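Visitor: Protein chains in written order, with the numbering used here: chain A, 52 to 339; chain B, 66 to 257.
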Amino acid sequence: MLGWKIARHGLAMLVTVLLGGLLSATLVRFAPGFDVDENQLDPRLNSASVQALREARLREHNVVRFYYRSLMRAAHGDLGTSISLGQPVTTLLRERAPLTLRLVSVGLLMSWSVALALALSAAWWRNASYDALTTVVSGTFLCIPAAVLALLSVLWNVPGALAIGLIVFPRSYRYARNLLAKAYSLPHIITARAKGLSELRILFWHAVPVVGPQLLAVAGVSVSVAIGAAIPVEALCGLAGVGQLAWQAALARDLPLLMNITVLVTLVTLLANSGADVLGQVLRGERA
Amino acid sequence: MKTGRTLACVVLLLVIGASLAAGWLAPAGYAKQYREAAGAPPSAQHWLGTDDVGRDRFARVLYGTRISLLLAPAAAFLSTLLAALVGGFAGYLGGVWARFAMAVTDLFLSLPWLFLLITVRALLPLNVSPLVSVLVTFLILGALGWTSAARVLCTTAATLRGSDFVCQARASGIRGARLFWMHVRPNVKPVL
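Below, the structure written as structure tokens:
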């Protein structure tokens with residue numbers, strides 16, 4: 052029974068990932084400027100080379116055929132070659148993924164540490180001034196565009212992970228604060244407080260089981276927010292990660308590269324959210 | 066918190082007032098070019114300086130604020146509505162509905178929507194009216210911003226589905242949309 056459930060979840064994830072790749076390829080294919088390759092304007096190229104470039108683009112004209120061929124190649128471990136960088140996509144992703152993974156992980160860790168610390172302290176103290184202060188702090192960071200935070204991190208020479216953390220923090224904090232505030236106003240927690248239970252016991256025995264699934268869902272979503280934040284941060288800070296690669300691929304309409312990055316992002320998003328769902332079900336006492 | 070809300074309302078009203086009084090605060094308009102002062106720094110004449118083609122930045126910010134103030138709440142309302150519908154019902158119904166809705170949500174979270182925006186802009190003619198442009202932008206922003214809230218709402222609704230008060234309401238004969246509206250909706254409001 053458990054094996055069947057895992058197989059069903061795995062199949063659903065595979066279909067979603069494949070659909071993500073196809074939709075991404077379709078979006079890029081129909082974006083204006085797809086048929087134009089800047090290299091065709093290079094005066095050093097002769098007419099045969101320009102014609103070869105045109106034909107290479109024409110092969111990608113039919114998005115379904117292109118996607119089918121890509122899938123067949125991917126089944127043999129070949130993710131294709133980047134049009135703009137002229138390197139195998141597998142090599143590019145292998146070289147750049149560790150940096151992005153590190154940036155996103157550290158950024159998420161920082162943002163969640165701060166968001167939870169502020170949300171918990173606001174829920175414990177229930178002091179209007181403190182709540183207003185934390186709201187102003189998170190609201191300020193929410194107002195600053197991701198690109199501006201990335202530029203500030205370059206100007207002040209702070210790590211890119213901090214910029215990602217500051218982009219994710221206000222989004223995580225708003226949800227965490229609202230959920231914890233609601234949990235701490237529930238009758239059973241007020242009763243527990245009145246009976247003199249310690250704050251830690253109230254938190255782990257009474258508040259976390261109530262808001263845990265929702266907080267896990269926010270954590271799952273924050274992974275995709277952090278990956279999205281990695282694109283401007285890496286592009287502006289000159290960090291050679293997958294985010295910078297995605298930015299370059301988007302500018303060059305590099306279909307093979309962009310499609311593979313989307314598939315990778317879809318896979319990470321699905322894994323994060325599925326993990327959050329399963330843990331949430333465990334916390335709710337349901338069978339995963 | 067009441068003081069904070071009052072302060073926020075005052076600031077918002079000031080911004081709205083300034084944008085509505087744009088014609089009085091910046092009478093020359095947002096398109097007038099000061100060719101002799103292109104790229105000028107902030108000064109008494111141009112409070113925020115001028116851009117590369119000599120247009121007054123303060124005037125452009127004031128006129129641009131009108132569009133943003135109109136667009137942002139409308140887009141936020143649309144995305145919140147979509148999140149409530151998709152996330153709320155998926156979590157409340159559970160099973161295959163929840164899995165399907167969350168798979169769609171995950172897809173929305175992962176796709177490069179920048180290309181959709183570029184494609185839509187390219188499909189619109191260059192002489193499109195400001196109203197159509199505003200409406201299209203509002204629809205796109207609203208249609209893409211619902212995913213995170215929908216995921217959290219789905220989990221919240223799923224938690225509520227198995228709660229004692231919902232079970233008791235069901236046992237009392239309250240079902241379907243009435244149960245959702247009367248008992249589930251008020252409890253997902255803090256997340257929304």
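Ideal Cβ positions, reconstructed from N, Cα and C, are used throughout, including at glycine. The model shown is predicted, which means the values in this text are computed figures rather than measured ones.
Using only CA atoms, which one of A:G263, A:L74, A:R252 and A:A280 lies nearest to V169 of chain B?
Guide: Checking every option, the nearest Cα to that of V169 of chain B belongs to A:L74.
Visitor: Looking at A280 of chain A: is its Cβ nearer than 9 Å to the Cβ of A327 of chain A?
Guide: No.
Visitor: To the nearest angstrom, how far is the alpha carbon of P107 of chain B from that of T115 of chain B?
Guide: So the alpha carbons of these two residues sit roughly 8 Å apart.
Visitor: Output, in chain order, the set of chain B residues within a Cβ distance shorter than 9 Å of N324 of chain A.
Guide: Going along chain B in sequence order, the residues near N324 of chain A (Cβ under 9 Å) are M167, T170, D171, L174 and R216.
Visitor: What does DSSP give as the partner residue(s) for T151 of chain A in the beta ladder?
Guide: T151 of chain A is not bridged to any residue.
Visitor: Can you find at least 3 beta carbon pairs, one from the segment 141-158 of chain A and one from the segment 179-187 of chain A, that sit closer than 8 Å?
Guide: Counting Cβ pairs under 8 Å, fewer than three are found: no touch.
Visitor: Which residues, taken in chain order from the segment 237-257 of chain B, show a beta carbon closer than 7 Å to some beta carbon of chain A?
Guide: Flagged, chain order: P255 and V256.
Visitor: Evaluate G336 of chain A with the Cβ neighbour count: other Cβ atoms within 10 Å of its Cβ, from every protein chain shown; 16 or more gives buried, anything less gives exposed.
Guide: That one is exposed.
Visitor: Between which two residues does the alpha helix (DSSP H) carrying A324 of chain A extend?
Guide: The sequence given here places Asn at residue 324 of chain A; Ala does not occur at that position. Taken as a continuous stretch (DSSP letters only), the alpha helix (DSSP H) holding N324 of chain A covers L306 to R335.
Visitor: Does R147 of chain A come within less than 9 Å of chain B when only Cβ atoms are used?
Guide: No - not a single Cβ of chain B is within 9 Å of the one on R147 of chain A.
Visitor: Look at the alpha carbon of A339 of chain A and the alpha carbon of A297 of chain A, and state the distance between them as a whole number of angstroms.
Guide: Residue placement at A339 of chain A is poorly supported in this model, since its pLDDT is 47, which falls under 50; the coordinates are not used for a value here.
Visitor: If you follow the alpha helix (DSSP H) that L290 of chain A is in, where does it begin and where does it stop?
Guide: Segment: none, L290 of chain A is in no alpha helix (DSSP H) and carries neither H nor E.
Visitor: So that I know if they touch, is there some Cβ in chain B lying closer than 9 Å to that of Y224 of chain A?
Guide: No, because no Cβ of chain B sits closer than 9 Å to the Cβ of Y224 of chain A.
Visitor: Roughly how many whole angstroms lie between the Cα atoms of S213 of chain B and V272 of chain A?
Guide: Distance between the alpha carbons of S213 of chain B and V272 of chain A: 6 Å.
Visitor: Between W162 of chain B and chain A, is any beta-carbon pair separated by less than 9 Å?
Guide: Chain A, which has no Cβ nearer than 9 Å to the Cβ of W162 of chain B, makes this no.
Visitor: From the beta carbon of T220 of chain B, is the nearest beta carbon of chain A less than 9 Å away?
Guide: So yes, T220 of chain B belongs to the interface.
Visitor: So, is the C-beta of S213 of chain B closer than 9 Å to a C-beta in chain A?
Guide: Output row for S213 of chain B: interface = yes.
Visitor: Going by other Cβ atoms of all chains shown within 10 Å of its Cβ, with 16 needed for buried, is T242 of chain A buried or exposed?
Guide: Under this definition T242 of chain A is an exposed residue.
Visitor: Once you ignore the five residues that flank V157 of chain A on each side, which residues in its own chain have a CB closer than 6 Å to its CB?
Guide: Taken in chain order, the residues that qualify are A212.
Visitor: Let me know the secondary structure DSSP gives A339 of chain A once reduced to three states.
Guide: Annotation note: pLDDT 47 at A339 of chain A (below 50); position unreliable, no value reported.
Visitor: Do we get a CB-CB distance below 9 Å when we pair A339 of chain A with the residues of chain B?
Guide: With a pLDDT of 47 at A339 of chain A, under the threshold of 50, the predicted position of this residue should be treated as unreliable, and no value is reported.
Visitor: Between the alpha carbons of F123 of chain B and H111 of chain B, how many angstroms are there, rounded?
Guide: Computed Cα separation, rounded: 7 Å.
Visitor: Would you kindly check if the distance between the Cβ of L231 of chain A and the Cβ of A303 of chain A is under 9 Å?
Guide: Taking 9 Å as the Cβ cut-off, A303 of chain A and L231 of chain A do not qualify as a contacting pair.
Visitor: Just how far apart, CA to CA, sit V199 of chain A and R125 of chain B?
Guide: V199 of chain A and R125 of chain B: Cα-Cα distance of roughly 20 Å.
Visitor: So L205 of chain A is in the alpha helix (DSSP H); what residue range does that whole segment cover?
Guide: For clarity, residue 205 of chain A is Val in the given sequence; the question names Leu instead. Here the alpha helix (DSSP H) through V205 of chain A covers A197 to L206.
Visitor: In angstroms, rounded to a whole number, what distance separates the CA positions of N97 of chain A and G216 of chain A?
Guide: The alpha-carbon atoms of N97 of chain A and G216 of chain A are separated by roughly 49 Å.
Visitor: Does any C-beta atom of chain A lie closer than 9 Å to the C-beta of L134 of chain B?
Guide: No, L134 of chain B does not count as interfacial toward chain A.
Visitor: Taking only beta-carbon atoms, is T224 of chain B less than 9 Å away from chain A?
Guide: Yes, contact with chain A.
Visitor: Is the beta carbon of S223 of chain A less than 9 Å from the beta carbon of A166 of chain A?
Guide: Cβ distance < 9 Å, so S223 of chain A and A166 of chain A count as in contact.
Visitor: Any residues in the segment 123-149 of chain B with a beta carbon nearer than 7 Å to a beta carbon of chain A? Which ones, in chain order?
Guide: Within the segment 123-149 of chain B, no residue qualifies.
Visitor: Applying the criterion that 16 or more other CB atoms from any shown protein chain within 10 Å of the CB defines a buried residue, is Q295 of chain A buried or exposed?
Guide: Q295 of chain A is buried by the Cβ-count criterion.
Visitor: Give me the chain B residues within the contact set of N229 of chain A, using Cβ-Cβ distance strictly less than 7 Å, ordered along the chain.
Guide: Under the 7 Å cutoff, chain B gives P255 and V256.
Visitor: Jot down the residue ranges of each uninterrupted beta strand (DSSP E) in the segment 96-139 of chain B, minimum 3 residues, whole runs only, in chain order.
Guide: The qualifying runs do not exist here; there are none.
Visitor: So, S144 of chain B versus T313 of chain A, is the Cβ gap smaller than 9 Å?
Guide: Their beta carbons are not under 9 Å apart, which means S144 of chain B does not touch T313 of chain A by this criterion.
Visitor: Keeping to the same chain, check which residues put their C-beta closer than 8 Å to that of G404 of chain A; ignore five residues upstream and five downstream.
Guide: Residue coverage of chain A in this structure runs from 52 to 339, which leaves residue 404 of chain A outside it and unanswerable.
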